[in-house]
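Report on the structure given below.
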Amino acid sequence: MKVRRKKTKCLLISCLLFILLTLPPHSSFSAEIKKIKIGYAYGLELYQENETIKQTLQALESRIAEVEFQLIPLSPINTISEIDEQNVDYLIAPSIFLVEFRGMAPFTHLATRINANGNNATKTVGSTIIVRNDRDDLKTLKDLRGKKIAASSPNSLGGWLAALREIRQRGYDPDNFFSSVYFAQFQTPDVISSVLNGNVDAGILTTCVLEKVESLGLIEKGILKVIGEESSAGNDFNCRRSTADLYPDMSFVALSGASESLTRQIVITLLSMPPFDGLRWSVDHDQFSIEQLMKDLGLGPYSYLKDTSLKGLVKRFKNELLVVIAALLFLIFNELRLRHLVKKKTRALSIALEEKERANEEAALSRQRFAALEKNGIISQLGTIIAHESKQPLGTLSNYLAILKIHLSKNKNKDNFQDDILDIMSVQLERLNNLVNSVRNFAKKRQNPLIKTDLISIARKALRNFEANEPGLKKIKVGFNCDLPTAYILSEPLSLELLILNLIKNGYEEASANSPRSPLLAISISEEPDGRYSLQVENSGKNLSEKDVERIVSLGESVKPEGLGLGLSIIRGIADHFGADIQFRRRPAGGLKVSIFFVKYNVGENNV
0 MKVRRKKTKC LLISCLLFIL LTLPPHSSFS AEIKKIKIGY AYGLELYQEN
50 ETIKQTLQAL ESRIAEVEFQ LIPLSPINTI SEIDEQNVDY LIAPSIFLVE
100 FRGMAPFTHL ATRINANGNN ATKTVGSTII VRNDRDDLKT LKDLRGKKIA
150 ASSPNSLGGW LAALREIRQR GYDPDNFFSS VYFAQFQTPD VISSVLNGNV
200 DAGILTTCVL EKVESLGLIE KGILKVIGEE SSAGNDFNCR RSTADLYPDM
250 SFVALSGASE SLTRQIVITL LSMPPFDGLR WSVDHDQFSI EQLMKDLGLG
300 PYSYLKDTSL KGLVKRFKNE LLVVIAALLF LIFNELRLRH LVKKKTRALS
350 IALEEKERAN EEAALSRQRF AALEKNGIIS QLGTIIAHES KQPLGTLSNY
400 LAILKIHLSK NKNKDNFQDD ILDIMSVQLE RLNNLVNSVR NFAKKRQNPL
450 IKTDLISIAR KALRNFEANE PGLKKIKVGF NCDLPTAYIL SEPLSLELLI
500 LNLIKNGYEE ASANSPRSPL LAISISEEPD GRYSLQVENS GKNLSEKDVE
550 RIVSLGESVK PEGLGLGLSI IRGIADHFGA DIQFRRRPAG GLKVSIFFVK
600 YNVGENNV
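Numbering (numbering that gives the first Met the number 0), first residue to last: 0 to 607.
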């Protein structure tokens, strides 16, 4: 048993030695130390940045184990490119840097350095403008106009930019306020030495730098005075300054790619640090004041405000230009829309005028045709009457002339002159008789053949033509009633239209003249029980007596004092030609109702 235990122990020792011998030379059971790079923009302000960086680095190394923090100095000129080249994880930089390079390097704000004393000291950076105490000619900011000035760097918040904004807020042009500007690398001793040596008239320091220099004994206290000093009453910030506004101090930020767990530990460490040199880290951070400063001075993302080129003006007045462009587009669109509407309305008006002109031409042509037809009808009627009535006198004259010739032939005394006269009279009488027969034959030949005609369409056409030619028809209540789709009769369309037009005209004149309060004109077409079609035209007017109706029926006389009865003659003549019957009846309420009955057209039957 003892021998077996010894063999087992030797085997375990051998395995352990083999494992140790086969491990890589650099392998270790301890955790590998991670290197973290913290960048900072060197050349900030005197000793404060050195003390801040020193105290912060010590606190991080003591609180966060297994991490090696490496400090990387960055140029204030090529900061962005160096951040990329050095692969920096975190950055300590002035707050103005974070606003100026916003969008160029993604970062997350972690903490801001503030004054450890007081309750409202989150803004501690401003400008202190100093001059030699023996310069009695320099007391206010206005006195520095046209003088020489020394400052630390063009992008220093407290050493230059805060003072420029103060000058602008006082109503001056900061770009042309000083006669010359000397930019030094450091505020101490460069700016202070330039003022004391008289190389410049004044210098610009960051707030609290003057007090720090005096407390360290680097310059004699009181040898420099502050121009335009602001009162510190009611403010926990006790450093002397020349600017009314103060701005946030330097910030600690995490760049893109930083570990979330490590960042959380760093934030806890920064906020847990005790005050150092009168300062401490806080989460308070006000970027608005710095943004406003850069906007007022046209710096960083607002540099386009100083650009007078077309591109700069477009960027500067982008919102205004968008409003103007939108307004112009709206006006252009509205103008195009108005032109389109005007064009559309003009086209519609042109079409309406063309239709009206065409209707007027058609109406004028219809009037000419109706006038000619009416004239021809009257002439035809008169010619027929004359021819008819003169036939009997001509026959009587012919008979008497023949009797006269017989009587004179019994006389044995021949008279050649007498015979010549009788022959001439006989010839002329025969000639007149032939002329009457010719007129009658001509009247008969002028009658047009009867064809299939739609009574409804002709009636509507007659009403349209009369309405187009008589504007006053709109003042009368006109009705057209017909339930039939078609009503074919055998007629001559133009004569039928003339017949209906005369009926409408007579009805309109009677209604408008004798019933001005409620004039009425109604047209209706229906089918009678006997199979005929009836056209009825009734109109309001004066009350007619039975004698008036009888005169119309029997004599065809007009009831109007100025009427000649020719219209009724035309109506009666046309109706007779079509084989239609006419009926006149008086309306109890006044006026007349005329009914014309037409024989229905039947295909294959003799309708004449």
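All C-beta atoms, glycine included, are put in the ideal place defined by N, C-alpha and C.
Everything numeric in this text was worked out from a predicted model, so none of it was measured.
Contact set for residue i: own chain, Cβ-Cβ below 8 Å, skip 5 residues either direction
{"i": "S97", "result": "According to the sequence as given, residue 97 is Leu; it is not Ser. So the qualifying residues of the chain are F106, H108, S250, V252, Q286."}
{"i": "E354", "result": "none"}
{"i": "I405", "result": "none"}
Three-way DSSP call (helix, strand, coil) for residue i in this model
{"i": "R164", "result": "helix"}
{"i": "Q186", "result": "helix"}
{"i": "S514", "result": "coil"}
{"i": "V477", "result": "strand"}
{"i": "Q286", "result": "coil"}
{"i": "E65", "result": "coil"}
{"i": "S425", "result": "helix"}
{"i": "L520", "result": "strand"}
{"i": "E526", "result": "strand"}
{"i": "C538", "result": "Going by the sequence as given, residue 538 is Asn instead of Cys. Strand, per DSSP."}
{"i": "I128", "result": "strand"}
{"i": "S179", "result": "strand"}
{"i": "K224", "result": "strand"}
{"i": "K409", "result": "coil"}
{"i": "K33", "result": "strand"}
{"i": "F100", "result": "coil"}
{"i": "S349", "result": "helix"}
In DSSP terms, what residue i is bridged to
{"i": "Y487", "result": "D453"}
{"i": "R112", "result": "W280"}
{"i": "A201", "result": "I148"}
{"i": "F417", "result": "In the sequence under discussion, the amino acid at residue 417 is Gln, which differs from the Phe named in the question. DSSP, once it has assigned bridges, lists no residue as partnering Q417."}
{"i": "T107", "result": "A253"}
{"i": "G38", "result": "I71, L90"}
{"i": "V323", "result": "According to DSSP, which records beta bridges pairwise, V323 is partnered with nothing at all."}
{"i": "Q582", "result": "S594"}
{"i": "F275", "result": "L278"}
{"i": "P247", "result": "K122"}
{"i": "Y171", "result": "Bridge partners of Y171: none, in fact."}
{"i": "Y532", "result": "E526, F597"}
{"i": "K342", "result": "DSSP lists no partner for K342."}
Sequence-distant residues of its chain with Cβ nearer than 7 Å to residue i (five each side left out)
{"i": "I488", "result": "T452, L454, Y532, F597, V598, K599, Y600"}
{"i": "E50", "result": "F275, D276"}
{"i": "I71", "result": "K36, I37, G38, Q85, V87"}
{"i": "F583", "result": "V548, I551, V552, L591, V593"}
{"i": "E466", "result": "L472"}
Classification of residue i by the beta-carbon crowding that lies within 10 angstroms, buried from 16 upward
{"i": "N464", "result": "buried"}
{"i": "M103", "result": "exposed"}
{"i": "F577", "result": "buried"}
{"i": "I32", "result": "exposed"}
{"i": "Y301", "result": "buried"}
{"i": "D414", "result": "exposed"}
{"i": "V208", "result": "buried"}
{"i": "L495", "result": "buried"}
{"i": "Q186", "result": "buried"}
{"i": "P392", "result": "exposed"}
{"i": "T139", "result": "exposed"}
{"i": "S74", "result": "exposed"}
{"i": "P247", "result": "buried"}
Residue i and residue j closer than 8 Å at C-beta
{"i": "R279", "j": "I113", "result": "yes"}
{"i": "I191", "j": "I218", "result": "yes"}
{"i": "F176", "j": "R144", "result": "yes"}
{"i": "L591", "j": "G540", "result": "yes"}
{"i": "L520", "j": "V477", "result": "yes"}
{"i": "D295", "j": "R167", "result": "yes"}
{"i": "A110", "j": "Y39", "result": "no"}
{"i": "L137", "j": "I35", "result": "no"}
{"i": "I95", "j": "L163", "result": "no"}
{"i": "L428", "j": "S408", "result": "no"}
{"i": "T78", "j": "F236", "result": "no"}
{"i": "S523", "j": "Q535", "result": "yes"}
Cβ-based neighbour list, residue i, same chain, cut-off 6 Å, excluding 5 preceding and 5 following
{"i": "K314", "result": "Y303"}
{"i": "T242", "result": "G125, S126, A161, E165"}
{"i": "A150", "result": "G158, W159, F182, I203"}
{"i": "R62", "result": "T268"}
{"i": "S365", "result": "N464"}
{"i": "P23", "result": "At P23 the pLDDT is 44, less than 50, meaning the model places this residue with poor confidence; the figure from the coordinates comes in the next sentence. Counting only Cβ-Cβ distances below 6 Å, and skipping sequence neighbours, we find nothing."}
{"i": "Q99", "result": "In the sequence as displayed, the identity of residue 99 is Glu instead of Gln. Closer than 6 Å at Cβ, skipping near neighbours: G299."}
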